[in-house]
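Residue numbers (the working numbering), protein chains in the order written: chain H, 214 to 718; chain P, 163 to 408.
Idealized CB from N, CA, C, for every residue including glycine.
Computed from a predicted model, the values in this text were never measured in an experiment.
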Amino acid sequence: MKTYQLPEVKIERDKDRCIDCQVCVRQCAFEAHKVDEDGDVYSEDEKCVACQRCVSLCPTNALTIKDNTPFVKDNANWTAETQKYIWKQAETGGVLLTGMGNPKPYPIYWDHMLLNASQVTNPSIDPLREPMELRTYLGSKPDKIDIKMVDGEPVLNTKLAPQLMVKTPILFSAMSFGAVSYSVCEGLARASKELGTFWNTGEGGLPQNLYEYGPNTIVQVASGRFGVHSEYLDAAAAIEIKIGQGAKPGIGGHLPGEKVGPVVSRTRMIPEGSDAISPAPHHDIYSIEDLSQLIYSLKEATEYTKPISVKISAVHNVAAIASGIARAGADIIAIDGFRGGTGAAPTMIRDNVGIPIELAIAAVDTRLRDEAIRNRVSVIAAGGFRNSADVIKAIALGADAVYLGTAALVAMGCHVCQMCYTGKCNWGIATQDPYLEKRLNPDVAAERLFNLVSGWSHEIAEMLGGMGLNAIESLRGNRLHLRSIGLSTEEMDILGLQAAGSPMA
Amino acid sequence: MIIDAKGLHYRELNEQVRAAVADGETDLTLLNVNGQRYIADAIDTPVSITIEGVPGNDLGVFMNGPSLVVHANGQDHIANTMNDGKIIVHGDAGDVLGYGMRGGKVFVKGDVGYRVGIHMKEYKDKVPVMVIGGKARDFFGEYMAGGTLILLGLDTGGNGQEEIAGNYFGTGMHGGVIYVRGRLDDYQLGKEVKQLEMDDKDREVLRAYVTEFAADFGMDAEEILKGDFVKIKAVSHRPYGNLYAY
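In structure tokens, the structure reads:
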């Protein structure tokens, strides 16, 4: 069938600069660049996904990718995007598929929050010369601690639940081997070790060669139970039960058979070439009591030595669900907002289901405090953290730490073209094609991730010092250090924020 | 070694079991078991555990080697994400048996509940096997991705069900094989599966497992094998291959 879809981008090739070296031809797995019989290189706009790989690697800067959104006459309703979707489905009868997080122009509440700083009355602290504590312990804290004196020395007389110690309140989010390449996993694992933080396997299992990074690894148990066995559970520092993810709340996942090659097959423990289907629900969980049963089956399996996290997507009743999860015995609740990424999700679900992480953090923190159970769980927030300011605002709102997914991929080279589901990622990230995967050097990936998180951590320390605080602990849930700007009173109420300009309470 | 489970919380019971296994005990008997969960959870050693009384949910969860014999009914989630070993239940069992099970065997003498054999999978030489002596409720073999499920439909169970299985049989199935001693109506089947005639290789596989099953329960394998068996397999290994608009 002839497609009615129009090219969305225009590839401009400066013929004065182009030397017909064919780098672009070799780099584009989508075959947007071609070479004719005379050796002249030319481009086909309709194949370009705007991943910018060719632009980055062109030795003479001959290429520019430009927005070429088709002109739609006088219409804010039937936009070029709306028409494109209709044509795609009229031509295939399928479900619209996409990658990464919700790109729609919903409010980004981070940009409506302003941080505080000290002036005169309580001095700011310079983190370059004074101690600044970003270390965070993730796990359940006791209601009270009992201290007894032994030979005049205080000794802790309370058995503490297992904790994850992170040197900075930034962890790497679950991205499964299969959805992302082995090099991505290795880069994340190595960076986590260097940074003193954790990466998360997602539901794709832990590749055998990465078991040595177990002390910096959170392993996931999802509905497909791929690669879940006692050795995998033992290797990890913590175990995360994946209930949902922000990009596609309420639905499961399919890793298409094309992505199940030899190593993915071995790691997920399924035959090569077969679809890896993760059902929408865990079929042993139909209630909070059932969730508790799975949590305790994992605690029994690891003899109560590892924190158990439960990851959910941020949905309308997230606060009540979080309360149930805390009462079910989880040590950590990970909440993924609707800007959280994915390797593949139905477009309509990614763009229309769930709520922003900012509102979810505030609602959950408030609810758990009101019920006097906030100490029982740590909260890790996820879903579109773009910079260190977003992170520190999340902690002031009530999160203990954050998960980075998309930002980590961007650090490694992702240009957010949202074509992850095709497996043709030209940056070697969302692919299992050995030719493409080779493009991502794990050494470079680890270094870039290390640099990014180090930079953000320095910035967080500076901002904390500016507020006169010397420990991230002192900021957690301290919403007086945030003020809102340009929000309705209803939104301010949910976020628990006063307006910028209102005096300190 | 004998452990009396009377009045013990599952945490205490399982601690004692783990300690005994760590001490090198290879043969354990648990007396007065009464609903304690997670027995043999993630145990990696091929020990034998005899259970007197009704064990609680998640019997043999993440288990990797032990042999368990239950001289009573079992509850839900037996062999959840089990990797290896064997579980024999001399009675009925509940729902969601063998969820994500990747290896080992589960033999239930009587009837089972809903969603049994859900998402069983296999990998190379790890092929999980579950044999149900009695009858099963809905969603038998749902999402099944590998392994062998055998449903005998004998009059060995206690749930009084007439039909050998409920509805949505094998729905979402995309791997593995189910053998049923009896015919199912087409309306009972998920749309991803079809009934096929048995071939010689199927009969060989079936004979081996039924013989082992019959020996474990003191039954006559030849008598069971006289029944009219049918094979149920997935139509496609890629049931959702054409779902999306690329």
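With 16 as the cutoff for other CB atoms within 10 Å, does residue i come out buried or exposed?
i                 : result
PHE331 of chain P : buried
GLU399 of chain H : buried
HIS252 of chain P : buried
ALA263 of chain H : buried
LYS189 of chain H : Look at the range of chain H in this structure, 214 to 718, and you will see that residue 189 of chain H is not part of it.
ASN194 of chain P : exposed
LEU572 of chain H : buried
ASP254 of chain P : buried
THR245 of chain P : Checking the sequence, you will find Asn at residue 245 of chain P rather than Thr. With 16 or more other Cβ atoms within 10 Å, it is buried.
TYR305 of chain P : buried
SER715 of chain H : exposed
Can you find a CB in chain H that lies within less than 9 Å of the CB of residue i?
i                 : result
ASP287 of chain P : no
GLY319 of chain P : no
ALA383 of chain P : no
ALA204 of chain P : yes
PRO401 of chain P : yes
ASN242 of chain P : yes
PHE224 of chain P : yes
ILE211 of chain P : no
ASP238 of chain P : yes
LEU196 of chain P : The question names Leu, but residue 196 of chain P is Asn in the sequence shown. No, its Cβ sits nowhere closer than 9 Å to a Cβ of chain H.
HIS171 of chain P : no
TYR408 of chain P : yes
VAL293 of chain P : no
ARG180 of chain P : yes
Cβ of residue i less than 9 Å from any chain P Cβ?
i                 : result
MET482 of chain H : yes
GLN302 of chain H : yes
GLN506 of chain H : yes
ARG438 of chain H : yes
GLU513 of chain H : yes
ASP544 of chain H : no
SER443 of chain H : yes
GLU225 of chain H : no
VAL476 of chain H : no
GLY427 of chain H : no
GLU221 of chain H : no
Taking just the CA atoms, how far does residue j sit from residue i?
i                 : j                 : result
ASN600 of chain H : LYS286 of chain P : 45 Å
ALA383 of chain P : THR371 of chain H : 58 Å
PRO428 of chain H : LEU377 of chain H : 10 Å
GLU471 of chain H : VAL308 of chain H : 18 Å
TYR370 of chain P : TYR616 of chain H : Note that residue 370 of chain P is Ala in the sequence shown here, rather than Tyr. C-alpha separation (whole angstroms): 50 Å.
THR292 of chain H : VAL285 of chain H : 6 Å
PRO290 of chain P : LEU401 of chain H : 34 Å
GLU516 of chain H : ALA182 of chain P : 15 Å
LEU423 of chain H : VAL432 of chain H : 12 Å
CYS538 of chain H : PHE243 of chain H : A small correction: the amino acid at residue 538 of chain H is Ile; Cys does not occupy that position in the sequence shown. Taking the straight line joining both Cα atoms gives about 44 Å.
GLY398 of chain P : HIS336 of chain P : According to the sequence shown, residue 398 of chain P is Ser rather than Gly. Cα to Cα, SER398 of chain P sits roughly 6 Å from HIS336 of chain P.
ALA303 of chain H : TYR406 of chain P : 12 Å
GLU324 of chain P : SER526 of chain H : 42 Å
ALA196 of chain H : PRO382 of chain H : In the structure displayed, chain H extends from 214 to 718; residue 196 of chain H sits before or after that span and is not available.
TYR634 of chain H : ASP258 of chain H : 20 Å
PRO316 of chain H : LEU221 of chain P : 45 Å
ILE548 of chain H : ALA435 of chain H : 15 Å
THR188 of chain P : GLN178 of chain P : 14 Å
ILE312 of chain P : TRP300 of chain H : 47 Å
Between which two residues does the alpha helix (DSSP H) holding residue i run?
i                 : result
ARG343 of chain P : Careful: ARG343 of chain P lies outside any alpha helix (DSSP H), inside the beta strand (DSSP E) at 337-343.
SER386 of chain H : Note, SER386 of chain H: premise wrong, no alpha helix (DSSP H); not H, not E.
THR702 of chain H : 702-708
If you follow the beta strand (DSSP E) that residue i is part of, which residue opens it and which one closes it?
i                 : result
LYS524 of chain H : 521-526
ILE149 of chain P : Since the displayed chain P opens at 163 and closes at 408, residue 149 of chain P lies outside it and no answer follows.
ILE394 of chain P : 391-396
SER491 of chain H : 489-491
ALA451 of chain H : 451-455
Does the ligand GDP have a heavy atom nearer than 8 Å to the CB of residue i?
i                 : result
ILE456 of chain H : What this structure holds is no ligand at all, so the ligand GDP is not there to describe.
Next item on the list: Can you check the region 316-378 of chain H for any beta strand (DSSP E) of at least 3 residues that lies completely inside it and give the ranges in chain order?
Entry: Runs of the beta strand (DSSP E) inside the region 316-378 of chain H: 326-328, 349-351, 360-363 and 366-369.
Checklist line | Residue ranges of each beta strand (DSSP E) within the region 253-279 of chain H, 3 or longer | finding: Fully enclosed beta strand (DSSP E) runs of 3 or longer: 254-256.
Next item on the list: Would you list, in sequence order, the uninterrupted beta strand (DSSP E) runs of no fewer than 3 residues that lie entirely inside the region 389-447 of chain H?
Entry: Complete beta strand (DSSP E) runs here, min 3: 430-434.
Margin query: At 3 residues or longer, what runs of the beta strand (DSSP E) sit wholly inside the region 464-523 of chain H?
Written below: Annotation note: the region 464-523 of chain H contains the following uninterrupted beta strand (DSSP E) runs of length 3 or greater, listed N- to C-terminal: 466-468 and 489-491.
Item checked: Length-filtered (3 minimum) beta strand (DSSP E) runs lying within the region 326-382 of chain P -> If we require 3 residues or more, the beta strand (DSSP E) runs fully inside the region 326-382 of chain P come out as 337-343 and 355-358.
Next item on the list: Entirely within the region 645-693 of chain H and at least 4 residues each: give me those alpha helix (DSSP H) ranges in chain order.
Entry: Listed in chain order, the complete alpha helix (DSSP H) runs (minimum 4 residues) inside the region 645-693 of chain H are 647-650 and 655-679.
Next item on the list: Would you list, in sequence order, the uninterrupted beta strand (DSSP E) runs of no fewer than 3 residues that lie entirely inside the region 531-594 of chain H?
Entry: Counting only runs that start and end inside the region 531-594 of chain H, the beta strand (DSSP E) elements of at least 3 residues fall at 545-549.
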